[in-house]
Every structure is written in C-alpha cells, then in structure tokens.
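Notes follow the structure.
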C-alpha cells in the first residue's frame with residue numbers, strides 16, 4: 001500500500017488546482033503551460049533549441065506575409081498620363097475626400113483601391129478635374145474689352161486647337177494630342193485664297209495606329225476647320241514618325257480587293273464542295289505607272305461628202321442673146337458658129353463643159369422652147385478616226401489565285417456497318433470547280449492570270465478527341481478563375497498555406513513533440529541514489545526506502561508538471577528499465593521486500 005500512497009502524493013503536488021475549487025481560471029492553466037514549455041525548451045540541447053526557434057520564426061513570417069498579401073487592397077488606375085499640376089490637384093481632392101491613393105511608378109498616374117474607384121471618379125469629376133491640355137472655347141467665357149482684332153483671331157485659333165486636342169484625346173488609341181493650325185487670312189480674290197493646314201502630334205497608348213484610325217483623325221480635324229482638306233493634315237507620333245498619307249478618293253486598297261475576290265471564290269465553290277471545305281487566297285498585282293496615247297486612223301476605202309452645192313437655171317419663151325460674150329456672138333451666123341465650135345474644141349475630149357474646173361460656163365443657143373443651166377459642186381474627205389487614251393496608276397496587271405478543296409465525304413457500308421469516310425474528288429469535278437473559280441476572279445489569259453486548285457485532305461477531317469471529365473472540369477475552373485481574379489489569389493494563398501502546414505509546420509510540431517516526449521535523464525547527483533535504492537543496508541531498509549520514495553518524487557516533479565503524474569511515472573520507469581534492466585530488477589526486488597516487511 002505504500003506505492004499507492006506515494007503516487008497519490010505526487011498527483012497532489014503536480015496538480016495544485018485539484019486541492020482548490022474545480023474549474024479554476026484559464027489564466028492559471030495558461031501560465032502553467034507556458035512555464036512548463038519554457039522549461040522544456042531550455043532543457044533542450046543548444047542545436048535543437050536554435051532549430052526550434054528558427055522554425056517558429058519562419059512559420060510566423062510566412063503567416064504574416066500571407067495575411068498581408070490577402071488583405072492588401074487591389075489598386076486600380078484612376079488617371080494616367082497626367083501633368084504634374086493635375087496629379088497634385090487630383091491627389092489633394094482624394095485626400096480631402098478621405099480616399100486612399102498612390103502614385104504610379106512614372107509619377108503621371110493616380111491609383112485607388114478597386115472598391116473605391118467609382119466614388120473617386122465621382123468626387124474628381126464633380127470638381128471638373130483633371131484639366132490636362134490647353135483650354136478650349138472657355139477662353140471666351142470672360143469678355144476682353146481691350147483686345148484688338150489680332151488678339152481675337154489668335155484666341156480663336158488657340159481655342160479651336162484646344163477643343164481639337166480634347167476631342168482627339170477621347171479616342172481609345174490616343175493618350176494625348178497636340179494640334180497646330182495654320183489659318184491664312186481671307187482674301188478678296190479667289191485666286192489668292194490659300195488653304196488651311198494642320199499638324200497633329202499624338203501620344204499613343206500602343207506602338208502604332210491603324211490606318212483607319214489615322215483617317216478618322218484627319219477627317220475629324222478637316223471637318224472642324226474651314227478650308228482644310230484631309231490631305232493637308234499631318235499626323236506625327238511621339239517618336240517622330242509621320243503617319244501614312246490618306247487614301248486617294250475613290251481608291252480601294254489592294255487588301256480589300258483581294259479579300260473581295262476571296263469571298264467571291266468561297267461563295268461560288270462552297271455550294272458544290274460543301275460548307276467550310278474551300279480555302280482561297282488571291283493576289284492582285286497592279287501597274288503603278290501612267291500612260292497617255294493618241295491614235296489617228298484613216299480609212300481610204302470610205303469617202304464621205306463634206307459639202308455639196310447644186311444650182312439650176314431655166315429660161316424659155318423669148319429669144320435672148322446667147323453664146324460667148326464678145327464680138328463673136330454679135331457677128332453673122334457663120335462666124336458665130338465657128339466661134340462656138342472653136343470654143344468647144346478647146347475642152348478635153350469627153351468632158352462636159354459644165355463640170356470642168358476653172359472653165360467658163362457655156363450657154364446653149366436659145367431656141368423657141370427656152371434654155372436651162374445645171375451646176376453641181378462637191379467636196380469629199382477620207383474617213384479618219386482619232387483615239388485618245390489616258391491610263392492612270394492602279395491598273396490590274398495580273399491576278400493569281402490558289403484554292404484548296406477538301407475531300408468529299410461519302411457514306412460506306414449498310415446497316416450497322418454504315419459509316420462516313422473522306423474520299424478524294426474526281427478529276428472531272430476538280431476541272432469544273434477550276435472553271436468556276438476562273439470565272440469568279442475574272443481570269444484573263446492575255447494578262448498571264450493563273451488559278452491553281454488542288455484537292456487536299458483538311459486536318460479537320462480527323463475525328464476530334466472528346467474532352468475527358470478532368471479536362472472539362474479544368475477548363476471550367478480556369479474560366480471561373482479568369483472571370484474572378486480575386487478568387488484566384490485567394491485559392492493560391494490557400495494552397496501556399498496548405499503546403500506550409502504540411503511541409504513546414506507539421507514536421508516542426510512532430511519534432512517538438514518528439515523532443516518533449518523524450519524521458520528525462522538522471523543527472524550525476526541523481527545517479528548516486530541508484531545504488532542506495534538497489535542495495536540498501538539491511539538494518540536501514542525502512543528509512544532508506546522512505547528516502548528513496550521522496551527522492552523519486554523530487555526527480556519526477558518537473559515531468560509531473562508537464563505531462564501529468566501517471567504519464568511521468570510510466571515514462572520514467574520505462575526509460576529506467578530500457579537503460580539498465582539489471583539495476584531495475586534489483587530496485588523492484590528492494591521495493592517488494594520493503595512492502596512485504598511492512599505488511
């Protein structure tokens with residue numbers, strides 16, 4: 001019975017709260033556990049103690065970093081590309097409104113937390129900020145009673161430039177703009193009137209601007225300034241590169257023509273080849289030179305009258321003088337006839353006297369019935385054709401087209417064995433498709449046009465692999481994380497925390513637990529007691545046994561406070577037996593002998 005009494009005494013000393021009122025305060029338990037843990041840590045070897053402290057510090061730092069990363073605000077850009085004056089004004093307004101903010105790395109932007117972005121925009125917009133750039137027509141809000149006409153003209157130009165800068169700055173691809181206008185003085189004479197000019201310096205949000213965006217800016221500036229055409233507007237980016245000239249009126253870009261021809265090819269062939277079974281690429285070469293030519297063509301086989309003149313005179317009834325004027329006509333009849341005959345003989349044989357060129361008309365002799373005179377004059381010219389040809393740049397020089405046609409899908413087998421397969425097309429079918437393609441692009445062999453068509457098997461003919469449930473779940477999760485960036489950050493922090501617990505915190509806890517569970521080793525002073533416990537003198541057995549029990553209680557007191565009385569005694573006895581079984585056996589024999597004598 002002595003053993004039971006001694007264990008009870010140890011339990012009472014180890015748990016002082018058991019003697020008092022049950023349910024003592026948690027503060028006393030916490031203090032007891034803290035002091036016990038401190039004693040155990042101080043009892044560790046220096047190397048293990050250092051490792052334990054370093055592990056605890058690393059875990060604490062990791063938890064603190066994780067908490068900071070999760071709780072830090074998500075900053076969004078409120079304004080960017082501001083002047084220093086505007087940055088200062090916006091910062092002051094945000095500070096007044098109690099909205100946290102921070103400046104961007106370049107100092108030209110202001111960032112606010114994502115949840116306060118809308119409020120910050122409303123607060124800043126209510127104050128009319130920012131006011132980057134020159135003022136527009138606000139210059140005329142206050143009247144200037146002492147300004148001259150020149151001042152008014154300069155202010156109008158400044159206001160117009162400022163308004164254009166504000167308008168161009170609202171475009172998506174433009175960060176800021178600077179506009180310079182040249183407005184000539186109006187002239188009374190139309191011949192002396194000069195056209196306006198403009199230069200625009202752009203600071204872009206990306207490296208280059210699309211041609212359509214450049215054309216829209218040119219049209220915008222030209223429409224806002226009188227006597228300014230789009231081709232008189234020069235665009236320069238912040239790097240000093242001049243943008244391309246605008247497209248000529250009525251001109252169509254090469255790419256648009258090629259795309260139109262490709263669309264015509266696909267639309268023509270798809271009804272025969274099947275949907276998505278045709279791929280076409282068209283290249284159009286243009287002649288950028290100009291040509292002017294005038295041709296005159298004469299046709300000697302065709303004569304056309306230019307002018308015709310006819311005259312006819314008729315006289316009758318009374319005899320009138322006739323014949324050649326002069327003395328011959330007034331001579332007797334014989335002489336007159338001789339004169340007439342001589343005059344007639346002077347003409348060429350067989351030529352009518354009235355049609356001879358540069359000859360005098362011959363009047364026939366008058367008779368009783370009267371006389372008549374007919375005369376015809378005509379002018380003829382050879383047929384002539386004149387052709388004037390002017391050929392400007394942009395004439396189509398050659399068209400080349402490449403067309404790929406997919407295989408034909410056919411059905412094979414019957415019943416349960418029925419299936420679809422892709423088979424090459426026949427040569428006759430390909431020839432028919434090629435003729436249609438040539439007609440669609442306006443094929444001309446004299447220009448050297450070329451249309452190449454081939455039958456190939458598209459890669460889409462291969463059966464597609466169905467997504468596995470794992471891939472489908474992965475894609476869905478990726479879509480959710482892409483839609484909610486904050487959720488992705490939370491998930492990543494959770495994964496990092498789990499890895500920290502599994503690979504850092506858990507091994508550290510195991511090490512600490514293993515260290516605390518090691519049995520306490522007897523010191524040199526305690527080991528001196530063992531021989532006395534094992535082989536006490538026969539005459540002093542009772543006294544030595546009592547002293548040994550007290551000594552055991554003193555040795556077990558620290559372990560009792562940490563692990564409890566029963567666990568401490570069990571651990572101590574087990575460690576003693578493992579360390580020296582012979583001495584433990586003699587000790588038990590001494591205890592058993594003492595117990596028998598006491599009974």
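In UniProt numbering, the protein residues as written are 1 to 599.
Every residue, glycine too, gets a C-beta built ideally from N, C-alpha and C.
Are there 16 or more other CB atoms within 10 angstroms of the CB of residue 79, so buried, or fewer, so exposed? Taking a 10 Å sphere around the C-beta of residue 79, we find 16 or more other C-beta atoms and assign the residue as buried.
Out of 496, 304 and 575, point me to the one whose CA is closest to residue 63's CA. Residue 63 has its Cα closest to that of 496, out of 496, 304 and 575.
Note down the Cα distance separating residue 33 from residue 26, rounded to an integer number of angstroms. Between residue 33 and residue 26, the C-alpha separation is close to 11 Å.
For residue 306, tell me which candidate among 238, 264, 383 and 235 has the shortest Cα-Cα distance. Among 238, 264, 383 and 235, the Cα nearest to that of residue 306 is on 383.
Quick one: give me the first and last residue of the beta strand (DSSP E) that residue 235 is part of. Residue 235 -> beta strand (DSSP E) spans 233-237.
Taking C-alpha atoms, which residue in 205, 373, 255 and 267 lies nearest to residue 283? The candidate whose alpha carbon is nearest that of residue 283 is 255.
CA-to-CA distance, residue 502 to residue 473, given in whole angstroms: So the two alpha carbons sit approximately 26 Å from each other.
Determine which residues share a DSSP beta bridge with residue 453 and list them. Paired residue(s): 403.
Residue burial classification, residue 174 (beta-carbon count within 10 angstroms, cutoff 16): By the neighbour-count rule (16 or more Cβ atoms within 10 Å), residue 174 is buried.
Buried or exposed: residue 42, going by 16 or more other Cβ atoms within 10 Å of its Cβ? Looking at its Cβ environment, which holds fewer than 16 other Cβ atoms inside 10 Å, residue 42 is exposed.
Taking the CB atoms as reference points, tell me whether residue 179 and residue 152 lie closer together than 8 Å. Their beta carbons are not under 8 Å apart, which means residue 179 does not touch residue 152 by this criterion.
Classify residue 221 as helix, strand or coil using the three-state DSSP reduction. Three-state DSSP puts residue 221 in a helix.
Alpha-carbon spacing of residue 504 relative to residue 494, whole angstroms: If you take the alpha carbons of residue 504 and residue 494, they lie about 15 Å apart.
Ends of the beta strand (DSSP E) at residue 299? Under the DSSP assignment, residue 299 falls in the beta strand (DSSP E) whose first and last residues are 291-315.
Quick one: residues in its chain with C-beta nearer than 6 Å to the C-beta of residue 287, no 5 flanking neighbours on either side, listed in chain order? Here the set comprises 395 and 397.
Is it a yes or a no for the stretch 430-448 touching the stretch 411-418, going by three-plus beta-carbon pairs under 8 Å? Proximity of the stretch 430-448 to the stretch 411-418 falls short of the contact definition, fewer than three beta-carbon pairs being nearer than 8 Å.
What are the boundary residues of the alpha helix (DSSP H) that includes residue 150? For residue 150, the uninterrupted alpha helix (DSSP H) segment begins and ends at 149-169.
My parser needs the alpha helix (DSSP H) runs of 4 or more residues fully inside the stretch 27-95; what are they? Counting whole runs of 4 or more residues, the stretch 27-95 contains the alpha helix (DSSP H) stretches 46-71.
Residue 443 beta carbon near the ligand ZN (any heavy atom closer than 7 Å): Within the structure as shown, the ligand ZN is missing, as the structure has no ligands at all.
What are the boundary residues of the alpha helix (DSSP H) that includes residue 444? Note, residue 444: premise wrong, no alpha helix (DSSP H); not H, not E.
Under the rule that 16 or more other beta-carbon atoms within 10 Å means buried, what is residue 278, buried or exposed? Residue environment analysis places residue 278 among the buried positions, since at least 16 neighbouring C-beta atoms fall within 10 angstroms of its C-beta.
Whole-angstrom Cβ separation of residue 447 and residue 423, contact assumed at under 8 Å? Taking C-beta atoms under 8 Å as the contact rule, residue 447 and residue 423 fail to qualify, at a distance of about 36 Å.
Can you tell me where the alpha helix (DSSP H) holding residue 118 begins and where it ends? Boundaries of the alpha helix (DSSP H) around residue 118: 117-126.
Comparing C-alpha positions only, which one of 103, 74 and 76 sits nearest to residue 87? The option with the nearest alpha carbon to residue 87 is 103.
Which term fits residue 93, buried or exposed, when burial requires 16 or more other beta carbons within 10 angstroms of its beta carbon? Answer is buried; the Cβ neighbour count reaches 16.
Output yes or no for whether 8 Å exceeds the beta carbon distance between residue 123 and residue 95. Cβ atoms of residue 123 and residue 95: not closer than 8 Å.
Tell me where the beta strand (DSSP E) around residue 391 begins and ends. Element bounds for residue 391: 371-391.
Can you tell me whether residue 480 is buried or exposed? The criterion is at least 16 other CB atoms within 10 Å of its CB, across all chains shown. Residue 480 should be labelled exposed.
Those residues which DSSP pairs with residue 422 across a bridge: Answer by DSSP bridge pairing, in chain order: 409.
Going by other Cβ atoms of all chains shown within 10 Å of its Cβ, with 16 needed for buried, is residue 125 buried or exposed? Exposed, by the Cβ-count rule.
Nearest CA to the CA of residue 492: which residue from 434, 69 and 47? Out of 434, 69 and 47, 69 has the C-alpha closest to the C-alpha of residue 492.
Alpha-carbon to alpha-carbon, residue 582 and residue 528: Bear in mind that a pLDDT of 48 at residue 528, under 50, signals an unreliable position, so the model cannot answer this.
If I measure Cβ to Cβ from residue 450 and keep anything under 6 Å in the same chain, skipping five residues before and after, which residues do I get? Hits under 6 Å: 400.
Report the partner residues of residue 652 according to the DSSP bridge assignment. Any question about residue 652 goes unanswered here, given that the chain covers just 1 to 599.
Distance, Cα to Cα, residue 169 vs residue 236? Their backbone Cα atoms lie some 15 Å apart in a straight line.
Give the DSSP-derived three-state secondary structure of residue 475 in the structure shown. In the three-state reduction of the DSSP assignment, residue 475 falls in the helix class, which pools H, G and I.
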